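Reviewing the structure listed below.
Protein chains in written order, with the numbering used here: chain A, 153 to 563; chain B, 153 to 563.
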């Protein structure tokens, strides 16, 4: 899940979207596609449009306890029950959560990885982390060298999360092309340009037209490597069309896989609050490598608050935590204790807690979190050595190619 | 070069071509595109349309002596002089001649390989032979298993030609995806859907939309592996658009390669003669594995002749070698001696040589040729072992990826 779209890791300046999926009807006043979000999003209406199911209370209880679920940041999904059944009964189950390596990773990029780590720790989920350096080269005005540097840098952040290497596979599209490309070709056999254009809009290059087949490969890879199993893709709801394309492809091809499920989330607020829809490349953000002073400075300077215009007005009328970005950070991830969170909200609403004070609470929590992340990152050795246990083995590649029906290499 | 188009290895029933390249203008009455040829082809006009140059007498003399050049089956080209200069001065130079493995190889498929072998023997040309199993899966109503079997079978025929393994590389798109796909992505960065549609027409799958980037990779591979050098692509003229797309891509990307040149040929006649434009899958043809009886039976039954309707008329009016398919086989490839060929033509025109007798001459030559090919094929051992010396080495792959600007693998 990314911060407010257009996403740093998904937006594409060469593209415009012209699709019925999630588009505004006459009655609605918001648009949500993988490449563009505008208007005041009605998350319930979006589910109707996309044909996904809201999470029930009992489903949320069956997931590992995590603020992002408990507080319904993730609020909907597809094929959730099958995933939960497998996770409860100790059967194989997988998560896929990827990264587009076109820049340094921000705080918002890493939170879904920590959620996946939590699921892995609690229920033994296998986690696949594909890095789409191919798509980034095609979609961005960046050299392959630059994408390559971001890839190596992002990999260090992914490793710093601390996944269990026994149950985690990291895939880089160009470096793992020997397994990714033949499977993508197999999945592309019935993926028409019309389908891709309907979901993603017109593409600027033939590489981007093909890329949805690569992405479908990512989502099916856990099952192709290790056999049929429920696979969940935690993703912001605007990215749901990616999952739907893969589900269609999986259904169309006679492959030994189930359709991947989706865990659909609301958008994380951008630091500068709602209505700030400029490209996130330019927007202020908290990088994973920011030191405490930078984090503090960034939040103090840029974070949108729900406070009043003057101290006097705030003391009198109180603040609005529902739009206050520092509070939302606490709610999404950084304050796990519901009672403590409610106490902070209450203090803010009453005017006892000032916006600046609320910012300092968020700064402390985020700084602690980043400090731990950065310590683990600094302890990493040579990248190649660190990645080795996370790489697909030759046998895993062979299995995946065989299950996808790719003929064995004649070499 | 294939037999009369639509080609067994290039046609695509899902495609229709709508392109200005080679299309009929008001004054012309023939159409030539990579997927469709109709009307009486005016080979000179085609050069004007495509913007290629006719071969000069002196260029033909500078090529290794071969009936296909001497008799102007190959009659035009692009950047021919640069190739000839390198081949004469002992500098590196390369040929690329591929194969789409969707069925058994016919006689017409293997002749360009023997031409390439001749060039390799005479001037030391490096020969690259890409097998596009990815494109065949996407374009044909065939399973990947079936394509895989044809790939292995075709590879035996390619090995039987007897290339020098020191100077020959065989590439299979899915099996060599680790090097092919990242380079194709690099080349696809500026390859637009509009360009592909203009040249190839609408495509049925996103895989076929991407495939021209893979094909461009094939044509640039000799230079990416071993450095800038003249590269010649011997190809029937209807396939020239493939080369033009690659030349455009090579010019657009700042890569250390020259545009590949082209050696453009007339169409080999199909066995059943002109006007027989049914899909070549169904047309009679001579397979490389046919035994002498089958070859004889096929030619006796199906070969179109230039003879007269009755023995009497033939003795009186004589035959027409210019449309006689057995004679054309001799002219294209199987009778290297110009005087002997002219003697046969003269005998045929005079009515002394009957169509049946001319067929027997062709049967004998083709049977001898196939016998030698089949003996070499039968002597091959395990396919994997035989292919080993023709495979790109790890160092060659690394060089190609580096020259294409693909970042080094983080693994």
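Cβ coordinates follow ideal geometry from the N, Cα and C atoms, glycine included. No experiment lies behind these values; they were computed from the predicted model shown.
So that I know if they touch, is there some Cβ in chain B lying closer than 8 Å to that of residue i?
i	result
residue 337 of chain A	yes
residue 281 of chain A	no
residue 326 of chain A	yes
residue 341 of chain A	yes
residue 266 of chain A	no
residue 390 of chain A	no
residue 430 of chain A	Model confidence at residue 430 of chain A stands at a pLDDT of 39, short of 50, so the residue's coordinates are unreliable; what they give is reported in the following sentence. No, no contact with chain B.
residue 543 of chain A	yes
residue 546 of chain A	no
Note down, in chain order, every chain A residue with its Cβ under 8 Å from the Cβ of residue i.
i	result
residue 284 of chain B	By Cβ distance, chain A contributes nothing, its closest Cβ being about 11 Å from residue 284 of chain B, past 8 Å.
residue 350 of chain B	Correct list: empty, because the minimum Cβ distance to chain A is about 12 Å.
List the residues of chain A whose Cβ lies closer than 9 Å to the Cβ of residue i, in chain order.
i	result
residue 536 of chain B	561, 562 and 563
The beta strand (DSSP E) with residue i in it runs from where to where?
i	result
residue 542 of chain B	Here residue 542 of chain B belongs to no beta strand (DSSP E), and DSSP marks it neither H nor E.
residue 503 of chain A	Counting along the chain, residue 503 of chain A falls outside any beta strand (DSSP E), and DSSP gives it neither H nor E.
residue 580 of chain A	Within the shown structure, residues of chain A are numbered from 153 to 563, placing residue 580 of chain A beyond reach of any answer.
residue 283 of chain B	278-283
Is there at least one Cβ from chain A nearer than 8 Å to residue i's Cβ?
i	result
residue 357 of chain B	yes
residue 214 of chain B	no
residue 471 of chain B	no
residue 255 of chain B	no
residue 365 of chain B	yes
residue 558 of chain B	yes
residue 333 of chain B	yes
residue 277 of chain B	no
residue 330 of chain B	yes
residue 539 of chain B	yes
residue 173 of chain B	With a pLDDT of 44 at residue 173 of chain B, under the threshold of 50, the modelled position of that residue is not reliable, and the figure given next carries that caveat. Chain A contact via Cβ: absent.
residue 177 of chain B	With a pLDDT of 47 at residue 177 of chain B, under the threshold of 50, the modelled position of that residue is not reliable, and the figure given next carries that caveat. No, because no Cβ of chain A sits closer than 8 Å to the Cβ of residue 177 of chain B.
Can you name the residues that DSSP bridges to residue i?
i	result
residue 484 of chain B	BP columns for residue 484 of chain B are empty, so no partner.
residue 104 of chain B	Residue 104 of chain B lies beyond the range of chain B shown here (153 to 563); nothing can be said about it.
Just the chain A side, please: which residues come within less than 7 Å of residue i by C-beta, in chain order?
i	result
residue 361 of chain B	345, 358, 361 and 362
The alpha helix (DSSP H) with residue i in it runs from where to where?
i	result
residue 553 of chain A	546-555
Practice task
Name, going along the chain, the residues of the segment 286-313 of chain B whose beta-carbon falls closer than 8 Å to a beta-carbon of chain C.
Solution key: The chain labelled as chain C is not found among the protein chains of the depicted structure, namely A and B.
Exercise for the section: Entirely within the segment 195-273 of chain B and at least 3 residues each: give me those beta strand (DSSP E) ranges in chain order. Expected result: 226-230 and 246-248
Practice task
Return the chain-ordered ranges of every beta strand (DSSP E) run that is complete within the segment 292-337 of chain A and spans a minimum of 3 residues.
Solution key: 320-324
Handout entry: alpha helix (DSSP H) segments (min. 4 residues) lying fully within the segment 395-456 of chain A
Key = 444-454
Problem - beta strand (DSSP E) runs contained entirely in the segment 344-390 of chain A, provided each spans 3 or more residues - result: 383-388
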